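Q: Same order as they appear, the protein sequences are chains A and B. Heads up: the first sequence at position 284 corresponds to 283 in numbering that gives the first Met the number 0, and the numbers run straight through without jumps. Heads up: the second sequence at position 125 corresponds to 124 in numbering that gives the first Met the number 0, and the numbers run straight through without jumps. Backbone N, C-alpha and C fix where the C-beta goes; we use that ideal spot for every residue, glycine too. Keep in mind the model is a prediction, meaning the values are calculated, not measured. Please read through the structure below; I'll follow up with questions.
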Amino acid sequence: MKFMITAFFFLMSAAQAKTFVYCSEGSPSAFNPQITTDGTSHNAAGLTIYNRLVEFKLGTTEIVPALAESWKISKDKKTYTFKLRKGVKFHTTKYFSPTREFNADDVLFSINRQLLKDHPYHMVGGGSYEYFTGMEMDKIIKAVAKVDDYSVKITLTEADAPFLANMAMSFMSVLSKEYADMLAKENRKDEIDQYPIGTGPFVFQKYQKDTLIRYERNENYFEGAPKIEKLVFSITPDASVRYQKLKTGECHLIIEPSPNDIEAMKASETISVMEAPGFNVGYLAMNVTKKPFQNIWVRKAINHALNKDAYIQAIYQGHAVKAVNPMPPTIWGYNKKIKGYDYNPELAKKYLKKAGLAKGFETEMWTLPVTRPYNPNGKKMGEMMQADLAAVGIKVKLVTFDWPTYLSKSKVGDHSMIQMGWTGDNGDPDNFLNVLLGCSGVQSGSNYSRWCNKEFNRNIKIAKSNPDIKKRTAYYLNAQEIFNKEVPWVPIAHSIVFRAMNSNVSGYVMDPLGGDIFKTVDIK
Amino acid sequence: MLRYFFKKFFHVIPTLVGISILSFAVIRFIPGDPVLIMLGERGANPEVYAEMKSKLMLDRPMHEQYWYFLKNAVKGDFGQSIVSKRTVIEEFSDRFPATLELGIVALFFAVIIGIPMGIFAALKRNSFFDYALMTSSLIGYSMPIFWWGLVLILIFSVKLGWTPVSGRISINYDIEMWSGLMLIDTLKNEITSEYGFAPFWSAFKHLLLPSIAMGTIPLAVIARMTRSSMLEVLGEDYIRTAKAKGLPWRRIVGLHALRNAMVPIITVIGLLFGSIITGAILTETIFSWPGIGKWIVASITARDYPVIQGGILFIAGMIIFINMAVDMIYALINPRMR
């Protein structure tokens, strides 16, 4: 009898445990968003286990309170005071049980580990914080101070408007100081990046190398416990295998379905497909420090010579929007007035004549060696571009390298024309215009056209220093005008991003920044 | 025998040093900078970049880096992965059992099917069966693993629903790894008392398709090798003598012919273990198998120098060790070899 009762309860609990399986594409490099840059770790740790002071509102890039209830900005725009939420609990796991709730010490610990070179945790895990330094937070933040247990003051070196958007990014996640102290005492500091303790919607259970990650829902989550009880990341690197697993019901939701499978998925009754405009731009950069691309007429001619509509049909299979500006239309500050350059080979020839190159010229184009949402097939696009340019007299030799070589060589400016792209980090125009076209990007290598225009740079710099969105918008509109006149790139497309899921999945909202968030997901 | 062993053993050391220099140098000669790759499309601030380079010791001259690597390797320290920041040994030992399990099952599959197939073809030489078996083994040999794996998934998982698509075990079972071999760990008491044999069965079903995909090429090689080796032995004088003595045919084939034919087959099986590792690279990617093949490929793309150096050295060491073992067995069987 006793056995029967236990068996009954066992079956009950087995039937009730709602497990959601997400088929992801790779293994996270660590479970701490401070030290990782890959999208996989962002999904596996930043969005599931952790929270930040401010976060992006689900499905938008709007910044909303999270671990901070509210914040105040001083008059000189250099001091931000965050008022922290009370009653937030850190996760309880097999390896740690918190004795206190989240407070200002945790915020200080999380920022100072990255900021201060002499912080006891700074060198743990190698001591390089690529995202923190990449977004220049080490230069922007002067100091972090605790006002009381539930308020924190961050002082900046200069007024910096994108700062708040940076605060919402994964690398600004808040870790538990109590846990860190315990590990330090037991001389196991390294474990902080592998066995995470956060405040987020899911509690880390177990990671089986390259196979799966297990989570349980956080019953004490401050926004309310998620609907699914268990969450599993099933690591499946091959896109067509992910699709097969979705068909057999081994996954509820898959990341990045192959564009070739989208139509078949849409036709299936058991699979539903969601799409959203991607927060990205695919472009062809012309290296303005090399001949003949220093000549504005050559750049204009190339802009008129390329038939973007044809690329969108052939390369993106129609799943993209034609690009005019160097950032996607879904971002605030996008200049709708600019019409861009239409496909017009005759005009292109005329401009080449103006540049003194009536007979055309010979050059090289580097084609993207990897599949990226902003460019699914660099080689094929290169061939189409080659034909378009040949029609106006420009002979192009297509060149490519493997991805690591491609990046290393192009960051020092070895290329003439190069296919590149970008996916936004924080929903701020600065993250496109400054990173990709600002003068400082020439030295750091993210400005692939190596174009440094004083007027353009002045506009984006002023915009960066002013938190007032209306005023910033005006400067960004200007900057886009200058870009359109000078055209250091050919902006090509903003691709549409897809997620495919079992039709019994509900409550999933696509994140414009490309992450996967499961706190609202349910299975029917 | 002992002298022979030591002679062999001293050949291993220069080979390993040679391999370590090669894997060390080749990965550094291919362009691509691990620090820049980590940053992706984004740029690198020159000071931070220099600092990161120096932390990884990549700003030192190459011979200095190699000396540092060698000095530590002798002490058993192969460094830390640039990407995961864990030690190379930890990373390797986490993944190796998965590849070993898959490799053993794949080779087992190749042997139990390949050898009877070869014997049968040799006995029925020039018959329809012989041609059919040899043609299909040629097809098996030329099959691209990547494509073959997907075909197997489409037929057996999607159409028939017999096997799962990929992975090592159903997500319903949370198995604490002990030996690292799923087929063994699922038979432990605490697992069987909780779930019965269902986890073992699940692990077995997950192993089927990848081991078929990975075992197909070795199977073809073994079948062809067995056939030709059997044919050669069957033509020997002592077989004719045995026949003339009136021994039953089954006894002649089973005892006299097969035993002698096995010598080259065993050598081939030993050597095939090396090619199993090569097959693992593709098989593991398709079937999401958490082994070292997938790990090495990912590390090459990320230019994770310590992992590539260490990983290649481990794999090479293993293959050398297996070859040495095969040589030793050979020497035991055939004293003329020593």
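Within the 8 Å Cβ cut-off, does Lys293/B reach chain A?
A: Yes, contact with chain A.
Q: State the Cα-Cα distance for the pair Leu478/A and Pro325/A, rounded to the nearest angstrom.
A: One detail in the question is off: residue 478/A reads as Ala in this sequence, not Leu. Each residue's alpha carbon lies about 10 Å from the other.
Q: Closest to Gly148/B by C-alpha separation, out of His255/B, Pro163/B and Leu137/B, would be which residue?
A: Of the listed residues, the one whose Cα sits closest to Gly148/B is Pro163/B.
Q: Show which residues of chain A have a CB atom less than 9 Å away from the CB atom of Lys204/B.
A: Those within 9 Å of Lys204/B in chain A number zero; the least Cβ separation is about 12 Å.
Q: Per DSSP, what kind of secondary structure is Lys352/A in: helix, strand or coil?
A: Helix.
Q: Which of helix, strand or coil does DSSP assign to Phe89/A?
A: Note: Phe89/A maps to coil in three-state DSSP.
Q: Hey, does Ser287/B have any beta-carbon neighbour from chain A nearer than 8 Å?
A: True, the Cβ-Cβ gap to chain A drops below 8 Å.
Q: Taking the continuous alpha helix (DSSP H) assigned at Lys52/B, which residues delimit it?
A: From DSSP, the alpha helix (DSSP H) with Lys52/B extends over Pro45 to Lys54.
Q: Going by C-alpha distance, which of Gly309/B, Leu271/B and Trp294/B is nearest Leu281/B?
A: Among Gly309/B, Leu271/B and Trp294/B, the Cα nearest to that of Leu281/B is on Trp294/B.
Q: Compute the Euclidean distance between the alpha carbons of Met51/B and Val34/B, then round it to the nearest angstrom.
A: Going from the Cα of Met51/B to the Cα of Val34/B covers about 7 Å.
Q: Tell me the DSSP secondary structure of Lys145/A in three-state form.
A: Correct three-state label for Lys145/A: strand.
Q: Can you give me the C-alpha to C-alpha distance between Ile311/A and Ser464/A, rounded to a whole angstrom?
A: One C-alpha to the other measures close to 37 Å.
Q: So, does the CB of Asn44/B fall closer than 8 Å to a CB anywhere in chain A?
A: Chain A contact via Cβ: present.
Q: Decide if Gly75/B is buried, meaning its Cβ has at least 16 other Cβ atoms within 10 Å, or exposed.
A: With fewer than 16 other Cβ atoms within 10 Å, it is exposed.
Q: Tell me the residue span of the alpha helix (DSSP H) that contains Ser407/A.
A: First-last of the alpha helix (DSSP H) with Ser407/A: Trp402 to Lys410.
Q: Select from Ile221/B, Arg85/B and Arg250/B the residue whose C-alpha is nearest the C-alpha of Pro115/B.
A: Per the Cα distances, Ile221/B.
Q: When the distance is taken between beta carbons, is Leu406/A closer than 8 Å to Ile299/B?
A: In this structure, Leu406/A does not lie closer than 8 Å to Ile299/B by Cβ.
Q: Are Val496/A and Pro328/A close, meaning C-beta to C-beta below 8 Å?
A: Cβ atoms of Val496/A and Pro328/A: not closer than 8 Å.
Q: With 7 Å as the limit, tell me which residues of the stretch 227-244 of chain A have their beta carbon closer than that to any beta carbon of chain B; keep them in chain order.
A: From the stretch 227-244 of chain A, only Val231, Ser233, Ile234, Thr235, Pro236, Asp237, Ser239, Val240, Gln243 and Lys244 have a Cβ closer than 7 Å to chain B.
Q: What does a CB cutoff of less than 6 Å around Pro96/B pick up in its chain, not counting 5 residues either side in sequence?
A: Gly179 and Leu180.
Q: Alpha carbon to alpha carbon, what distance is there between Leu207/B and Gly412/A?
A: Their Cα atoms are separated by approximately 50 Å.
Q: Measure the Cβ-Cβ separation of Pro257/B and Ala109/B and say whether it is below 8 Å.
A: The sequence shown places Leu at residue 257/B, not Pro. No, these two residues do not count as a Cβ contact at 8 Å.
Q: Taking all protein chains shown into account, decide if Glu157/A is buried (16 or more other Cβ within 10 angstroms of its Cβ) or exposed.
A: Glu157/A should be labelled exposed.
Q: Run the CB neighbour count on Thr269/A, radius 10 Å, all protein chains shown included, and call it buried at 16 or more, exposed below.
A: Thr269/A is exposed by the Cβ-count criterion.
Q: Could you tell me which uninterrupted alpha helix (DSSP H) segments, each at least 4 residues in length, are contained entirely in the stretch 334-393 of chain A, listed from first to last along the chain?
A: Fully enclosed alpha helix (DSSP H) runs of 4 or longer: 344-353 and 377-389.
Q: Hey, Ile227/A and Phe19/A: beta-carbon distance below 8 Å or not?
A: For Ile227/A and Phe19/A, yes; Cβs fall inside 8 Å.
Q: At a CB-CB cut-off below 7 Å, which residues of chain B make contact with Thr472/A?
A: Under the 7 Å cutoff, chain B gives no residues; its nearest Cβ is about 25 Å from Thr472/A.
Q: Using a beta-carbon distance below 8 Å, is Ser443/A in contact with chain B?
A: It does: the Cβ of Ser443/A has a partner Cβ on chain B nearer than 8 Å.
Q: Could you compute how far the alpha carbon of Gln243/A sits from the alpha carbon of His251/A?
A: Taking the straight line joining both Cα atoms gives about 12 Å.
Q: Is it the case that the Cβ atoms of Gln204/A and Tyr214/A are separated by a distance below 8 Å?
A: Cβ distance < 8 Å, so Gln204/A and Tyr214/A count as in contact.
Q: By a C-beta neighbour count over all protein chains shown, 10 Å radius and 16 as the cutoff for buried, is Gln79/B buried or exposed?
A: Label assigned to Gln79/B: buried.
Q: Identify the contact partners of Gly420/A in chain B, using a Cβ-Cβ distance below 9 Å as the criterion.
A: Simply Glu40.
Q: Between Gly102/B and Ser443/A, what straight-line distance do the alpha-carbon atoms span, to the nearest angstrom?
A: Whole-angstrom Cα-Cα distance: 46 Å.
Q: Output needed for His303/A: all residues of its chain with C-beta closer than 6 Å, excluding positions within five of it in sequence on either side, in chain order.
A: Here the set comprises Tyr340, Asn343, Leu346 and Ala347.
Q: Check whether chain B comes within 8 Å of Trp402/A, counting only Cβ atoms and requiring the distance to be less than that.
A: Yes, Trp402/A counts as interfacial toward chain B.
Q: Given Ala14/A, which residues of its chain have a CB within under 7 Å of its CB, disregarding the five upstream and five downstream residues?
A: A caution first: Ala14/A carries a pLDDT of 45, below 50, which makes its placement in the model unreliable, though a value can still be read off. Excluding sequence neighbours, Ala14/A sits near nothing in its chain.
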